[in-house]
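**Q**
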Amino acid sequence: MKKVSLTGDRPSGPLHIGHLFGSLLSRKETEIENESYVMVADVQALTDHFDQPEKIRENIYEITADNLAVGLNPEKTTFFIQSKIPQIAELTVFFSNLVTVNTLKRNPTVKTEIAEKKDLFGQEGESLTYGFLGYPVSQAADITIVRAEVVPVGSDQLPMIEQTREIVEKFHRTYPIKGNTFPLPIAKLSDAPKIIGLDGSAKMSKSLNNAIYLKDTPEKTAEKIKTAKTDSGSSIKELTDPNPSPSIYNLVRIYALIHNQKIIDAYKELDGMKYSPFKEKLAKDLNNYLSPIRERREELKPDYIKEVLDAGSKKVLKKAEETMALVKKAMRIDY
Ligand code: TRP
1 MKKVSLTGDR PSGPLHIGHL FGSLLSRKET EIENESYVMV ADVQALTDHF
51 DQPEKIRENI YEITADNLAV GLNPEKTTFF IQSKIPQIAE LTVFFSNLVT
101 VNTLKRNPTV KTEIAEKKDL FGQEGESLTY GFLGYPVSQA ADITIVRAEV
151 VPVGSDQLPM IEQTREIVEK FHRTYPIKGN TFPLPIAKLS DAPKIIGLDG
201 SAKMSKSLNN AIYLKDTPEK TAEKIKTAKT DSGSSIKELT DPNPSPSIYN
251 LVRIYALIHN QKIIDAYKEL DGMKYSPFKE KLAKDLNNYL SPIRERREEL
301 KPDYIKEVLD AGSKKVLKKA EETMALVKKA MRIDY
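If you're matching positions, the sequence shown starts at 1 in our numbering and goes up one per residue.
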């Protein structure tokens, strides 16, 4: 029996090579082995972009195009838009009774994000919204609305899956029925190492302007690599230092990933190479690697992307209705 798998992306910007190696490529395996769903999390994106709906609207298409360009098959992976499934919002309300505010405040991912968004939530989080604090509850509803068993994610999402499991267990204790309402979902961690930002900051991120996007032109990609942070050295040295320079390590790792090499072998191959020719080679090889993805992306028509999302949302709507019938029966509110 195929397992039900669900993951999601926030449409707050187009996807970059960190997403590619961290999750998009493994989705191709997931869609073969599972009943696979990829959700465009527009409602979640609104929790910290509530005043930028146009940006989210535009990026719904961008990130779906990124997924399709990588080679995901919409016959196998069901793509859908979160806001098209009102049952997710309904389930969020029922789940919200099963979570304490204190637990949400302690969620490590939420805590980090609040600290990062001082302009939005204030120096001490004094302007934190109810919606943002509660997004893990909504994420639990994303996962359970299709009764997902597996959730492929990066390690930053582990607290969300843990929160989902706690809600599911509490739901089952509070509203017991024979055979549980939901499966207890597990996280499936991607084994790809994390790529950091080209400016050396901890993550490649849309908001930090330190990312190479799948949709970037080859020229733009080369320019970004050319100006990427290095260190005070001038050439690549074999990997002997247990704490290598992170920005060089990151560039060599990108090189290793596109050549399907171990990082240590990439360092060996590049040993002695000056930074500037290395960057030129990396840009050329990365552009070659990305070229079929970019070509496919160019060919995708907005109408086709809309069709994929409409068909997927329709399919999920059916499943969501089934789930809510089970939920309401268990909760004894099936009047
Ligand atoms: N929180 C995820 C992120 O920021 C996106 C997301 C929303 C998600 N709903 C989900 C991931 C459900 C997995 C399952 O990347």
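Where is the CB? At the ideal position from N, CA and C, for every residue including glycine.
Give the DSSP-derived three-state secondary structure of Pro-152 in the structure shown.
**A** Note: Pro-152 maps to strand in three-state DSSP.
**Q** What number of angstroms, rounded off, separates the C-alpha of Leu-68 from the C-alpha of Ala-141?
**A** Leu-68 and Ala-141: Cα-Cα distance of roughly 25 Å.
**Q** If you measure from the CB of Gly-22, is any heavy atom of the ligand TRP nearer than 8 Å?
**A** Answer for Gly-22: no, Cβ out of range of the ligand TRP.
**Q** Ile-186 bridges to which residues according to DSSP?
**A** According to DSSP, Ile-186 bridges with Val-150.
**Q** With Gly-131 as the anchor, note down where its alpha helix (DSSP H) starts and where it stops.
**A** Here the alpha helix (DSSP H) through Gly-131 covers 130-133.
**Q** Cutting at 6 Å between CB atoms, please list the residues of its own chain near Val-308, excluding the five before and the five after it.
**A** Pro-74 and Phe-79.
**Q** Considering only their Cβ atoms, is the gap separating Ala-45 from Ile-56 smaller than 9 Å?
**A** Contact: yes.
**Q** Return the residue from the list Gly-122, Tyr-249, Asp-42 and Val-110 that minimises the CA-CA distance to Asn-59.
**A** Taking only the C-alpha atoms, the option nearest Asn-59 is Asp-42.
**Q** Beta-carbon separation of Leu-6 and Val-38 under 9 Å?
**A** For Leu-6 and Val-38, yes; Cβs fall inside 9 Å.
**Q** Give me the residue from Asp-156, Ser-276, Lys-274 and Phe-121 with the minimum Cα distance to Thr-47.
**A** Nearest option by C-alpha distance: Phe-121.
**Q** Can you find a heavy atom of the ligand TRP that lies under 8 Å from the Cβ of Leu-198?
**A** Leu-198: no, Cβ never under 8 Å from the ligand TRP.
**Q** Using the C-alpha atoms, what's the distance from Ile-258 back to Leu-350?
**A** Residue 350 lies beyond the stretch modelled for the chain, which goes from 1 to 335, so this question has no answer here.
**Q** Can Tyr-213 and Lys-237 be called in contact, C-beta distance under 9 Å?
**A** No, the Cβ-Cβ distance between Tyr-213 and Lys-237 is not below 9 Å.
**Q** Report yes or no: do three or more beta-carbon pairs, one from the segment 162-173 and one from the segment 189-206, lie closer than 8 Å?
**A** No, because fewer than three Cβ pairs between the segment 162-173 and the segment 189-206 fall closer than 8 Å, the two stretches do not touch.
**Q** Quick check: what's the CA-CA separation for Lys-118 versus Met-204?
**A** Distance between the alpha carbons of Lys-118 and Met-204: 19 Å.
**Q** Just grab the DSSP bridge partners of Ser-235 for me.
**A** Answer by DSSP bridge pairing, in chain order: Lys-274.
**Q** Kindly indicate which residue of Pro-176, Glu-298, Glu-124 and Pro-136 has the alpha-carbon position closest to the one of Val-99.
**A** Here the closest residue by C-alpha is Pro-136.
**Q** Compute every distance between the C-beta of Gly-71 and the non-hydrogen atoms of the ligand TRP, then say whether any falls below 8 Å.
**A** No, the Cβ of Gly-71 stays beyond 8 Å of every heavy atom of the ligand TRP.
**Q** Take Ser-155 as the anchor and find which of Glu-299, Ala-325, Asn-243 and Ile-186 has the nearest alpha-carbon.
**A** Considering only alpha carbons, the answer is Ile-186.
**Q** Counting along the chain, where does the alpha helix (DSSP H) carrying Ser-247 start and finish?
**A** Ser-247 -> alpha helix (DSSP H) spans 246-258.
**Q** Could you check what DSSP says for Ile-81 in three-state terms: helix, strand or coil?
**A** It is a strand residue.
**Q** Does the ligand TRP have a heavy atom nearer than 8 Å to the CB of Gln-87?
**A** Every heavy atom of the ligand TRP is 8 Å or more from the Cβ of Gln-87, so no.
**Q** Spell out a yes or no on whether the segment 15-29 and the segment 89-99 are touching, meaning 3 or more CB-CB pairs, one atom from each, closer than 8 Å.
**A** No: fewer than three Cβ pairs fall under 8 Å.
**Q** For Val-4, which beta-bridge partners are listed by DSSP?
**A** DSSP output for Val-4 lists Glu-35 as bridge partner(s).
**Q** Pick out every residue whose C-beta is nearer than 7 Å to a heavy atom of the ligand TRP: which are they, in chain order?
**A** Residues flagged by the Cβ proximity filter: Leu-6, Thr-7, Gly-8, Asp-9, Arg-10, Met-39, Ala-41, Gln-44, Gln-139, Asp-142, Ile-143, Val-151, Val-153, Gln-157 and Met-160.
**Q** Taking DSSP as the reference, what is the three-state secondary structure of Asp-334?
**A** Coil at Asp-334, not helix or strand.
**Q** Helix, strand or coil: how does DSSP classify Tyr-175 here?
**A** In this structure, Tyr-175 counts as coil in the three-state DSSP scheme.
**Q** Relative to the C-alpha of Lys-319, which residue among Glu-295, Leu-104 and Ile-143 is closest?
**A** Looking at the Cα atoms, Ile-143 is the closest of the given residues.
**Q** Out of Val-110, Tyr-130 and Asp-191, which has the shortest C-alpha to C-alpha gap to Glu-29?
**A** Looking at the Cα atoms, Asp-191 is the closest of the given residues.
**Q** The alpha helix (DSSP H) with Ser-96 in it runs from where to where?
**A** Note, Ser-96: alpha helix (DSSP H), 86-96.
**Q** Is the beta carbon of Ile-293 closer than 9 Å to that of Gly-71?
**A** Cβ distance < 9 Å, so Gly-71 and Ile-293 count as in contact.
**Q** What does a CB cutoff of less than 7 Å around Ser-234 pick up in its chain, not counting 5 residues either side in sequence?
**A** The residues are Lys-274 and Tyr-275.
**Q** Evaluate Leu-184 with the Cβ neighbour count: other Cβ atoms within 10 Å of its Cβ, from every protein chain shown; 16 or more gives buried, anything less gives exposed.
**A** Exposed: under 16 other Cβ atoms inside 10 Å.
**Q** Measure the alpha-carbon distance for Leu-300 versus Ala-65 and round it to whole angstroms.
**A** Straight-line Cα distance between these residues: approximately 7 Å.
**Q** Of the choices Gly-22, Ile-177 and Ser-245, whose alpha-carbon is the least far from that of Asp-231?
**A** Closest by alpha carbon: Ser-245.
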